[in-house]
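Structure first, commentary second.
2 protein chains.
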Amino acid sequence: MDVERTLTEKGLKKTSCRIAILALFKKKTHALSYVDFEHLLPLGFDKTTIYRTLYSFEEAGLIHKVDDHSGLLKYAFGEVKQNGHPHFSCEKCHNTYCVETTSTMKLELPKGFTSNQISTVVTGLCPFCYE
Amino acid sequence: MDVERTLTEKGLKKTSCRIAILALFKKKTHALSYVDFEHLLPLGFDKTTIYRTLYSFEEAGLIHKVDDHSGLLKYAFGEVKQNGHPHFSCEKCHNTYCVETTSTMKLELPKGFTSNQISTVVTGLCPFCYE
DNA sequence: ATACAAATGCAATTAAGTTGCATTTATAAT
DNA sequence: ATTATAAATGCAACTTAATTGCATTTGTAT
Numbered sequence: 216m217d218v219e220r221t222l223t224e225k226g227l228k229k230t231s232c233r234i235a236i237l238a239l240f241k242k243k244t245h246a247l248s249y250v251d252f253e254h255l256l257p258l259g260f261d262k263t264t265i266y267r268t269l270y271s272f273e274e275a276g277l278i279h280k281v282d283d284h285s286g287l288l289k290y291a292f293g294e295v296k297q298n299g300h301p302h303f304s305c306e307k308c309h310n311t312y313c314v315e316t317t318s319t320m321k322l323e324l325p326k327g328f329t330s331n332q333i334s335t336v337v338t339g340l341c342p343f344c345y346e
Numbered sequence: 216m217d218v219e220r221t222l223t224e225k226g227l228k229k230t231s232c233r234i235a236i237l238a239l240f241k242k243k244t245h246a247l248s249y250v251d252f253e254h255l256l257p258l259g260f261d262k263t264t265i266y267r268t269l270y271s272f273e274e275a276g277l278i279h280k281v282d283d284h285s286g287l288l289k290y291a292f293g294e295v296k297q298n299g300h301p302h303f304s305c306e307k308c309h310n311t312y313c314v315e316t317t318s319t320m321k322l323e324l325p326k327g328f329t330s331n332q333i334s335t336v337v338t339g340l341c342p343f344c345y346e
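Just so you know, the protein sequences line up as chains A and B, in that order. If you read the first sequence in my numbering, its first letter stands for residue 216, the second for the next number, and so on. If you read the second sequence in my numbering, its first letter stands for residue 216, the second for the next number, and so on.
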């Protein structure tokens with residue numbers, strides 16, 4: 216929970232924008248987009264700053280990008296292990312979550328195709344939007 | 216291979232743009248983007264027309280959209296069955312292909328999440344780019 | 001041949017994301 | 001504590017994908 220210590224550990228300067236954004240990441244359980252930050256942050260940081268903050272967090276391994284096909288790139292708190300993990304995107308509230316899974320994603324490809332990475336996005340309803 | 220008959224069967228007017236685009240779809244084995252059509256079509260159709268042609272083809276079930284995370288929406292020839300199918304995107308040439316598979320994509324979700332659709336994009340090297 | 005609906009082209013717009021540059025800020029050195 | 005400096009920020013402008021409105025053109029049924 217100690218936002219400022221996390222920044223120091225990762226060698227990132229403790230700036231107001233980074234503190235605010237990292238605090239939000241630690242609070243929310245779903246992935247966040249730059250639009251979320253524009254709306255959720257009390258101080259109106261410039262979108263350039265938000266994008267660059269997200270970039271520095273990604274470089275530091277604090278977050279990872281999630282393309283949930285919404286047209287708005289999202290960022291999820293936590294580093295991605297090995298081959299990535301699936302993501303779940305709610306059709307109703309459009310919140311996107313990382314899915315922890317034990318099953319290894321594998322897929323037979325046609326002859327001659329070699330697989331390097333696999334990206335899976337499941338859409339459906341999250342517990343808050345179901346029924 | 217008969218482009219014009221396909222259009223008639225689908226209740227689509229046989230316009231030059233549709234004929235040209237559908238002919239390309241029938242020739243190519245990978246998904247195509249509006250940029251491809253801008254480059255590949257002899258007559259310079261307006262991008263609005265290209266997009267609207269793609270829309271009408273999608274409505275008619277002739278093609279389906281593929282988001283391969285390239286930032287450029289692609290369209291693959293052929294209707295999508297049931298729950299969709301995986302797609303393969305080559306890291307080098309950036310061509311994207313539909314993957315025919317028998318294995319049913321399934322994934323355990325956390326409690327309370329219900330799955331509706333699953334989208335899988337595999338990245339790696341295609342046979343033409345391997346080694 | 002003609003009428004009408006649909007398709008097209010053009011211009012303008014929206015929105016995500018990026019880049020350059022001048023200014024400000026965090027931090028390490030003094 | 002003060003200062004130097006490298007990095008972070010804000011602003012403006014730009015790029016690119018995709019969409020919309022509208023006037024014009026084209027395909028097709030009559």
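Positions of the beta carbon are idealized from the N, C-alpha and C atoms, including for glycine. Since the structure is predicted, the reported quantities are computational estimates derived from the model, not experimental observations.
Chain A within 8 Å of residue i, Cβ atoms only
i, result
"B:D282", "yes"
"B:G339", "yes"
"B:E294", "no"
"B:S397", "Look at the range of chain B in this structure, 216 to 346, and you will see that residue 397 of chain B is not part of it."
C-beta contact flag for residue i and residue j at 8 Å
i, j, result
"B:D283", "B:V336", "yes"
"A:Y249", "A:I265", "yes"
"A:L239", "A:L255", "yes"
"A:L227", "A:A275", "yes"
"B:C344", "B:K289", "no"
"A:L247", "A:V218", "no"
"B:E273", "B:K262", "no"
"B:L269", "B:K225", "no"
Neighbouring residues, chain B, relative to residue i (Cβ below 9 Å)
i, result
"A:V314", "L322, E323, L324, P325 and F328"
"A:P257", "Going along chain B, no residue has its Cβ under 9 Å from A:P257, so there is no contact; the nearest lies around 31 Å."
Proximity to residue i [Cα-Cα], best of the options
i, options, result
"A:K280", "A:G259, A:F260 and A:H245", "A:H245"
"A:C305", "B:R267, B:F272, B:C344 and B:N331", "B:N331"
"B:G327", "A:C232, A:H300 and A:V314", "A:V314"
"B:T317", "B:P301, B:I236, B:T311 and B:N310", "B:P301"
"A:V295", "A:I333, A:L340 and A:R267", "A:I333"
"A:L322", "B:T338, B:T329, B:N310 and B:T311", "B:T338"
"A:Y312", "A:P342, A:T319, A:P325 and A:L222", "A:P342"
"A:L287", "A:I278, A:H309 and A:Y270", "A:H309"
"B:S285", "B:N298, B:G293, B:I278 and B:F303", "B:F303"
"A:S271", "A:T230, A:P325 and A:L324", "A:T230"
"B:T329", "A:E346, A:T329 and A:L324", "A:E346"
Chain B residues whose Cβ lies nearer than 7 Å to that of residue i
i, result
"A:T345", "Looking at the sequence provided, one finds Tyr at residue 345 of chain A rather than Thr. The contacting residues are G327 and T329."
"A:P301", "L322"
Chain B within 8 Å of residue i, Cβ atoms only
i, result
"A:E273", "no"
"A:E219", "no"
"A:S318", "yes"
"A:E224", "no"
7 Å Cβ cut-off: residues of chain A touching residue i
i, result
"B:V336", "S334"
"B:F353", "Beyond the ends of chain B as shown, which are 216 and 346, falls residue 353 of chain B; an answer cannot be given."
Where residue i meets chain B, residues with beta-carbon distance less than 8 Å
i, result
"A:F252", "Neighbours of A:F252 on chain B: none; closest Cβ ~21 Å, over 8 Å."
Cβ-heavy atom distance, residue i to the ligand HEM, below 7 Å
i, result
"A:S304", "With respect to small molecules bound, the structure shown includes none, and the ligand HEM cannot be examined in it."
Return the chain-ordered ranges of every beta strand (DSSP E) run that is complete within the stretch 256 to 316 of chain B and spans a minimum of 3 residues.
278 to 281, 289 to 292, 302 to 305 and 311 to 313
To test your reading of the DSSP string, which unbroken alpha helix (DSSP H) runs of 4 or more residues are found completely within the stretch 218 to 262 of chain A?
218 to 224, 231 to 242 and 249 to 255
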